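Below: the structure, in structure tokens.
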Amino acid sequence: MALAVLGVAVATVAGHAARANATTVGFVYLVVILFTAARFGFRASVAASLAATACYNYFFLPPAGTWTIADPENWAALAAFLVASVLVSRLVASERRRAEEAEARRREVEALAAEREKFLEERAHLEALRESDALKTSLLRAVSHDLRTPLTAIRLGLEGLRRSSADSHDIDRISAETERLSRRIDNLLAMARLDAGTYVPRPEPAPPADLFRATLEALPLVLSGRTIQVTVAPDTPDALADPALAVEILANLLENAARAAPGEAALELAAEPDPADRGRLRLDVRDRGAGVPPDVKRAAASGVSPAEAGRAGLGLTICSSLARAMGGTVVLLDRPGGGTIARLDLPAAEGASA
Amino acid sequence: MTRGLATILVVDDDPAIRRGLAAELSAAGYETLEAADGEEGFRLGAAHEPDLVLTDLAMPVADGFELITRLRVTGKTPIIVLSVRGGDADKIRALDLGADDFVVKPFSVPELLARVRAQLRRHADENAAGVLEFPGLMLDRERRRLVVEGKEIRLTPTELAILELLASHAGKPITIRQIIGRVWHGAPGTTPDAVRVHVGSLRKKIEPDPARPRYIVTEPWVGYRFVAEPL
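Protein chains in written order, with the working numbering: chain A, 5 to 358; chain B, 812 to 1042.
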């Protein structure tokens, strides 16, 4: 606004000094007003118009130096000047507003383009993730094939040796170790698959007796010579469980039990409904060994992961995360009368037990 | 029974496994043939007419599925598939194509030999009379009588039909889809759960110890198998 008034003043002084005629000064005023409208908007230019009209009258319309106007024709000129300057202000100001709107639109478009760019980038990222998932899947498949093929060949080779060897004791031991190794590989691959999201648990109604049977079949060498008691309480529902994961967990727990309680004492597999929750059941592996290892107990008490409590803890951690993947839990309990109860707690399947 | 003279064709692209299998099978008294892929397997099968085929699934030239398909065009030779753990879709596909059984690598040799014996016996018994006999269990198909451990047991018609289907294919896993097709004749609305319920009640009636099922075992995700002898 001040600049507009200053522009009018400069035009007035310059016109006065140059003794320009009234028409020339009028045009110069119009240019100033135009500029003001373009630059500062409608209000400033209306103010400039009024100031210019006043100056025009006072300094240039005869008699100059007074507010009076002698010639009526000059009244018309002054009025025309005022009207013209306000009109020009209006036109230019609306033009300016339009330019501003266009600018805002341009910015919006730019923002949208940036969004799109970001979206495309995100999509590329997702695609890369998906590709890396596919890579993980095929990698895991290749690893599992490449680990199991030699294991299968080793087992076949051991059977060959057993036939030609008089003393099969060592061969039994090596066979048991390959069995253990292949179970560890199964564990790790199952964990990796769950982790990578390439294995989604598929729970189905699984009778506990079937899970126990498959568990015993998975450990023929570890359990050879051991007595295993299997009991299923009459009102036990079927588990709603991924059978492969459930058997893997039970095999680990049973193997641990066989190791923790060597000798003649029977190991027990027992299924019963959860007395506290009708929608769940318990699959127990019970031994008469030394009870829950103290470091596992300490870890549980202090809230750290049992994995940090040594080997027994690591196995428990693997079992727990496999169980969690299908809504189950694994706990170790001291068994009344000595020994350990390793308990897999699972949701029950709806409907009749089969 | 042709045991001892039976010829088994072993098809696997891994030479160590192929030779190991052949060695174990000949030690158990079988003649063996070896092929490194499905193509060679089919050629040897056509030339020598083995009594049983043991095949891997993933092979470079003509995989196991192709071999099963081509063998089933010409005959009923029992086929046992060597599958990998977790390959349930592959198992079901192989069974639906006509394979008779599968073992999961790494398998134990006694388990494999038991499966081989069961398949050879089942094949020999295929056209046997109406009476199916197993240790402790006798099913007279014509008189619709079932005797377990010397006691006659009454079954519902559905239970009897399921037992008949499973026991007449002893040792062979029968898929849930096959049970629905053969027992319910594919009646719409028959769900896997309905099959499970009937098998459950059948097992309660015939299993001497429900905690240790002896005759009917579950093959997770696949279906059921009637066990001809304890594995």
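Glycine included, each C-beta is placed from N, C-alpha and C at the ideal position.
Predicted model only: the values in this text are computed from it and were never measured.
- It is roughly 26 angstroms from the alpha-carbon of B/Lys1015 to the alpha-carbon of A/Ala255.
- In the structure shown, the three-state DSSP call for B/Val1033 is coil.
- The Cβ neighbour count for B/Lys962, taken over all protein chains shown within 10 Å, is under 16; the residue is labelled exposed.
- Within chain B, no C-beta atom comes less than 7 angstroms from the C-beta of A/Arg328; the nearest is roughly 19 angstroms away.
- Sixteen is the threshold: since fewer than 16 other Cβ atoms of the shown chains lie within 10 Å of the Cβ of B/Lys887, the residue is exposed.
- Excluding its 5 nearest sequence neighbours in each direction, A/Val92 has C-beta neighbours in its own chain below 7 angstroms: Leu34, Ile37, Leu38, Ala41, listed in chain order.
- For A/Glu208, the nearest beta carbon of chain B is closer than 8 angstroms to its own beta carbon.
- What A/Gly331 touches in chain B, judged by beta-carbon distance under 9 angstroms, is nothing: the nearest beta carbon there is about 17 angstroms away.
- Against B/Val920, the close residues of chain A are Arg159, Leu160, Glu163, in the order they occur along the chain (beta-carbon pairs closer than 8 angstroms).
- Residue burial is scored here from C-beta neighbours: A/Phe85 has at least 16 other C-beta atoms within 10 angstroms and is therefore classed as buried.
- Counting C-beta pairs closer than 8 angstroms gives fewer than three between the region 940-947 of chain B and the region 995-1009 of chain B, which falls short of the contact rule.
- With contacts defined by Cβ atoms closer than 8 angstroms, B/Thr818 and B/Pro861 form a contacting pair.
- Interface annotation, A/Val234: in contact with chain B, CB-CB separation under 8 angstroms.
- By the C-beta criterion, the region 235-244 of chain A is judged to be in contact with the region 270-280 of chain A, since at least 3 inter-stretch pairs fall below 8 angstroms.
- The C-beta distance from B/Ala838 to A/Arg167 rounds to 6 angstroms, short enough to meet the 8 angstroms contact threshold.
- Using a Cβ-Cβ cut-off of 8 angstroms, A/Arg217 is close to Arg1023, Pro1024, Val1028 of chain B, given in chain order.
- Its Cα nearest to that of A/Leu185, the residue A/Ser148 stands out among A/Ser148, A/Lys140, A/Glu121.
- Contact annotation for A/His149 against chain B: Ala869, Val895 [CB-CB distance below 8 angstroms, chain order].
- For B/Leu950, the three-state secondary structure derived from DSSP is strand.
- Chain A has no Cβ within less than 8 angstroms of the Cβ of B/Pro946.
- Interface criterion not met: the Cβ of B/Gly961 is under 8 angstroms from no Cβ in chain A.
- Close CB contacts of A/Leu144 within its chain, under the 8 angstroms cut and outside five residues either way in sequence, are with Leu193, Ala196, Arg197, Ala200, Thr202 (chain order).
- Bridge partners of B/Leu865 according to DSSP: B/Val821, B/Ile891.
- Neighbourhood of A/Ser324 in chain B, by CB distance below 7 angstroms: empty, with the nearest CB roughly 21 angstroms away.
- Only residues of its own chain outside the window of five on either side were considered, and among them Gly947, Pro1019 have a CB closer than 7 angstroms to the CB of B/Glu960, listed in chain order.
- Under DSSP, A/Thr333 takes part in a beta bridge, and its partners are A/Asp349.
- Residue environment for A/Ser98: exposed (fewer than 16 other C-beta atoms within 10 angstroms of its C-beta).
- Contact between A/Pro205 and A/Asp246 holds: their C-beta atoms lie close to 4 angstroms from each other, under 8 angstroms.
- When B/Arg956, B/Ala1039, B/Ala998 are compared, the shortest CA-CA separation from B/Ser979 is found for B/Ala1039.
- Per DSSP, reduced to three states, the secondary structure at B/Leu943 is strand.
- Note on geometry: alpha-carbon atoms of A/Ile189 and B/Arg883 lie some 35 angstroms from one another.
- Taking C-beta atoms under 8 angstroms as the contact rule, B/Gly831 and A/Ala157 qualify, at a distance of about 6 angstroms.
- Look at A/Leu227 here: in three-state DSSP terms it is coil, with no helix or strand label.
- Interface with chain B (8 angstroms Cβ-Cβ cutoff): A/Ala213 is included.
- Excluding residues up to 5 positions away in sequence, Glu842 lie with their Cβ nearer than 8 angstroms to the Cβ of B/Leu816 in the same chain.
- For A/Glu354, same chain residues with a beta-carbon under 6 angstroms away, outside a window of 5 residues either side, do not exist.
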